[in-house]
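Q: Dropping a structure here in structure tokens format, bear with me for questions.
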Amino acid sequence: LFKVKEKFKNHNYELSSNNTEDIKQNILNDICDIGFISGKPNDDSFNYYKVGTDKIVLTASQQYDIDDEIDTVELMKHPMILLTGEIHIEEALKENIDNLGHKSEELNILFNLNSVEAVKASIQQGYGISFLSYQTVKQEIYKKQLKLVDFKDFNLDYDVYLIMKKDSSGSEIVKEFVQYFKKIGNNSFC
5 LFKVKEKFKN HNYELSSNNT EDIKQNILND ICDIGFISGK PNDDSFNYYK VGTDKIVLTA
65 SQQYDIDDEI DTVELMKHPM ILLTGEIHIE EALKENIDNL GHKSEELNIL FNLNSVEAVK
125 ASIQQGYGIS FLSYQTVKQE IYKKQLKLVD FKDFNLDYDV YLIMKKDSSG SEIVKEFVQY
185 FKKIGNNSFC
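See the structure below:
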């Protein structure tokens with residue numbers, strides 16, 4: 005958003021966080037012009053553009069006793085704190101584990117939280133490990149409060165899409181924003 009504001013100094017933007025279904029409803033009800041969601045919309049009411057991929061990483065406290073690289077068998081031995089909500093990490097995790105021939109019900113899930121900050125605080129206390137978006141933990145990784153654990157059996161990365169109402173012509177400001185963001189989107193997810 006900072007890069008877009010630099011380019012279009014006279015435009016004004018308001019950013020609100022919400023879940024995918026609410027974002028889609030807000031666009032359809034003309035409450036907002038565009039949205040960013042995880043995964044491709046399954047509804048033909050929207051024009052959409054893939055703008056990046058968010059990497060999901062396995063994280064632990066720096067002091068947590070875990071190897072630098074683990075597989076599914078080792079993963080299932082560790083207590084996990086999972087983020088609920090939008091990204092559906094738990095469902096994807098269980099599906100991948102079952103597909104590998106393991107029993108997902110044997111995962112050691114301590115609890116699910118609906119706040120990234122609560123998950124990070126729990127793993128920083130050493131309560132367990134978690135799969136989180138790299139975007140949400142890169143500062144803690146840099147500050148050496150958390151560490152990445154290389155998980156080699158599968159990845160949980162997901163695509164991020166910019167969506168807008170299909171039958172909406174949109175204002176010039178919206179059109180400029182969309183065109184510019186399509187150009188810079190992939191580089192913005194680092």
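Using this note's numbering, the first residue of the sequence shown is number 5, and each one after it goes up by one. In this text, a Cβ means the ideal position worked out from N, Cα and C, and glycines have one as well.
Can you name the residues that DSSP bridges to Leu160?
A: Counted from its first residue, the sequence shown places residue 160 at position 156. Answer is none; Leu160 lacks a bridge partner.
Q: Among Ile41, Glu73 and Asp58, whose alpha-carbon lies nearest the alpha-carbon of Ala64?
A: Stepping through the sequence shown from its first residue, residue 64 is reached at position 60. Nearest C-alpha to Ala64: Glu73.
Q: Can you find at least 3 beta carbon pairs, one from the region 30 to 41 and one from the region 134 to 146, that sit closer than 8 Å?
A: Result no; under three Cβ-Cβ pairs closer than 8 Å.
Q: From this set, Ile177, Lys156, Glu121 and Phe158, which residue's C-alpha is nearest Leu150's C-alpha?
A: As a first step, residue 150 must be located in the sequence shown, where it is residue number 146. Minimum Cα distance to Leu150 is reached at Glu121.
Q: Report yes if the CB atom of Thr76 is closer than 7 Å to the CB atom of Ile113, and no otherwise.
A: In the sequence shown, the residue the question calls residue 76 occupies position 72. In the sequence shown, the residue the question calls residue 113 occupies position 109. No, they are not a contact pair.
Q: On the DSSP bridge assignment, give the partners of Leu97 in chain order.
A: As a position in the sequence shown, residue 97 is number 93, starting the count at 1. None; Leu97 has no bridge partner.
Q: Leaving aside the five residues before and after Asp163 along the sequence, list all residues of the same chain whose C-beta is less than 6 Å from its C-beta, in chain order.
A: By one-based count along the sequence shown, residue 163 stands at place 159. Within the same chain, Asp163 has close Cβ partners Lys54 and Thr57.
Q: Within 7 Å (strictly less), CB to CB, does Lys148 reach chain B?
A: Among the protein chains of the structure shown there is no chain B, as only one such chain exists.
Q: Can you grab the Cα-Cα spacing for the pair Lys44 / Tyr52, in whole Å?
A: The residue you call residue 44 lines up with position 40 of the sequence shown. The residue you call residue 52 lines up with position 48 of the sequence shown. So the two alpha carbons sit approximately 8 Å from each other.
Q: Tell me whether Glu10 is buried or exposed, calling it buried when 16 or more other Cβ atoms sit within 10 Å of its Cβ.
A: As a first step, residue 10 is located in the sequence shown; it is residue number 6 there, counting from the start. Its Cβ having fewer than 16 others within 10 Å, Glu10 is exposed.
Q: Are Ile85 and Ser134 touching if we call contact CB-CB under 7 Å?
A: Position 81 of the sequence shown, counted from the start, is the residue given in the question as residue 85. Position 130 of the sequence shown, counted from the start, is the residue given in the question as residue 134. In this structure, Ser134 lies closer than 7 Å to Ile85 by Cβ.
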